[in-house]
Amino acid sequence: GQEEVVQHLVQKGASVNAQSQNGFTPLYMAAQENHDSVVKFLLSKGANQTLATE
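Numbering (the numbering used here), first residue to last: 11 to 64.
Next comes the structure, spelled out in structure tokens:
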């Protein structure tokens, strides 16, 4: 599922704090889509909780 894809991308060097052109982060998008396991994983990898709101 989604968590496995995110884990793979992070293992390959993807930033958990990358931002889209609109400023949205993976954490923000995962929360918006109710992907709780992805949210927990991203937080465990140091995702910044305030980036999407700055």
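Glycine included, C-beta positions come from ideal geometry on N, C-alpha and C.
Quick check on the burial criterion: 16 or more other C-beta atoms within 10 angstroms. Buried or exposed for residue i?
i          : result
residue 35 : buried
residue 26 : buried
residue 24 : exposed
residue 15 : exposed
residue 28 : exposed
Under DSSP, the alpha helix (DSSP H) around residue i begins and ends at which residues?
i          : result
residue 47 : 46-54
residue 37 : 36-42
residue 19 : 12-21
Measure how close the beta-carbons of residue i and residue j come, nearest whole angstrom, since I'm counting them as under 8 Å.
i          : j          : result
residue 52 : residue 37 : 5 Å
residue 21 : residue 48 : That pair is no contact at about 14 Å.
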